[in-house]
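Residue numbers (this note's numbering): 161 to 467. Cβ coordinates follow ideal geometry from the N, Cα and C atoms, glycine included.
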């Protein structure tokens, strides 16, 4: 990578470029879930690609308390190992298969960020930001009937006698075009102006609204995978001496979890995860400089998750 930083009066500019080369080789098994343990074939795959990532970051100090930031940059996220594994598993009847997709391309994103930060005191901040991300090759888990399988899913490596009996395929796919746009707000306030022991309290909260869309290989538009339209959290904490206490509420809206397509009788049968509000709390105590004890509670309101 190469990077340079320079200052012009109240403006700081950081720009540069990074080059990454990725080389992946993998071997996986082709097997029936309840088949003979010795009746296993192997599948070998490899993939190599090189990417260039320029970036530009600008910070402008209006004064000591008000700062503007802007960024234009590119980024990449490689497929997870579970998504790109070459393993193929057939069910008992050998009419359904579940397989990874080693031909997946990585996510590539073109990112645009703009934010404004205000610091009323040294221990407080109020900020707002907008962002837009154009994403290529977003990865989705998907289940297809064999006759509806996209052309970029290649099953020709399977023996013809096995392939002839397959009716359903679960795998991972790339989609061509996606985008995410949104606004976010953040507030952190230390209550150090309170008297006595109360000056250890602090409050914080943030809120994000997003709009996202991905275009599937069949032309259907859906939200970006696992992207909620609304996310917020509120937290109250106390830090004083050896004590660190936190209570928080965290909310996320519903999101698309897995693709199943459109059914003639039921319409859209994709799987969604419902919205969720979780409450968490933690207590930490520093016994000494080298020893801390803590207790954490998760989902204290016992809120279920629905799919």
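Sequence-distant Cβ neighbours of residue 304 in its own chain, meaning closer than 6 Å and more than five residues away, are 329. The Cβ atoms of residue 376 and residue 392 do not sit closer than 9 Å to each other. Cα atoms of residue 268 and residue 338: separation of roughly 10 Å, rounded to the nearest angstrom. For residue 423, same chain residues with a beta-carbon under 6 Å away, outside a window of 5 residues either side, are 429 in chain order. Only exposed fits residue 171, as fewer than 16 other CB atoms lie within 10 angstroms of its CB. Spanning the alpha carbons of residue 226 and residue 276 requires a straight line of approximately 7 Å. A Cβ-Cβ distance of about 5 Å is found for the pair residue 395 and residue 364, placing them in contact under the 8 Å criterion.
Closest by C-alpha distance to residue 402, out of 219, 454 and 434, is 454.
By DSSP's assignment, residue 221 forms a beta bridge with 227.
Sequence-distant partners of residue 235 (beyond 5 residues in either direction) whose C-beta falls short of 7 Å from its own C-beta, in its chain, are 213, 269 and 271. An exposed status is given to residue 241, since fewer than 16 other beta-carbon atoms sit within 10 Å of its beta-carbon. For residue 308, the secondary structure class from DSSP, reduced to helix, strand or coil, is helix.
Two segments are said to touch when three or more pairs of C-beta atoms, one from each, lie closer than 8 Å; by this definition the stretch 250-268 does not touch the stretch 348-356. The distance from the Cβ of residue 203 to that of residue 317 is about 6 Å, consistent with a contact at the 8 Å cut-off.
The three-state reading of DSSP puts residue 320 in helix, counting H, G and I together. Counting of Cβ neighbours within 10 angstroms places residue 300 among the buried residues, the total reaching 16 or more. A straight line joining the alpha-carbon of residue 252 with that of residue 461 spans about 41 Å.
Here residue 434 really is in contact with residue 465; their C-beta atoms are around 7 Å apart, less than 8 Å. With a beta-carbon spacing of about 7 Å, residue 332 and residue 302 fall inside the 8 Å limit used to define contacts. Annotated three-state conformation of residue 357 is helix, per DSSP. Shortest Cα-Cα distance from residue 228 to any of 239, 249 and 288 involves 288. Of all alpha-carbon atoms in 207, 232 and 224, the one lying nearest the alpha-carbon of residue 266 is that of 207.
Here residue 361 has 351 and 398 as same chain residues with Cβ atoms under 6 Å from its own Cβ, once five neighbours each way along the sequence are excluded. Residue 336 and residue 296 do touch by the CB rule: their CB atoms are close to 7 Å apart, below 8 Å. Taken atom to atom, the span from the alpha-carbon of residue 421 to that of residue 205 is near 28 Å. Cβ neighbours of residue 426 within its own chain (closer than 8 Å, five residues either side excluded): none.
Across the structure, residue 184 and residue 218 are spaced so that their CA atoms are roughly 35 Å apart. Where residue 241 is concerned, the enclosing alpha helix (DSSP H) starts and stops at 241-244. When only Cα atoms are considered, residue 232 and residue 201 end up about 47 Å apart.
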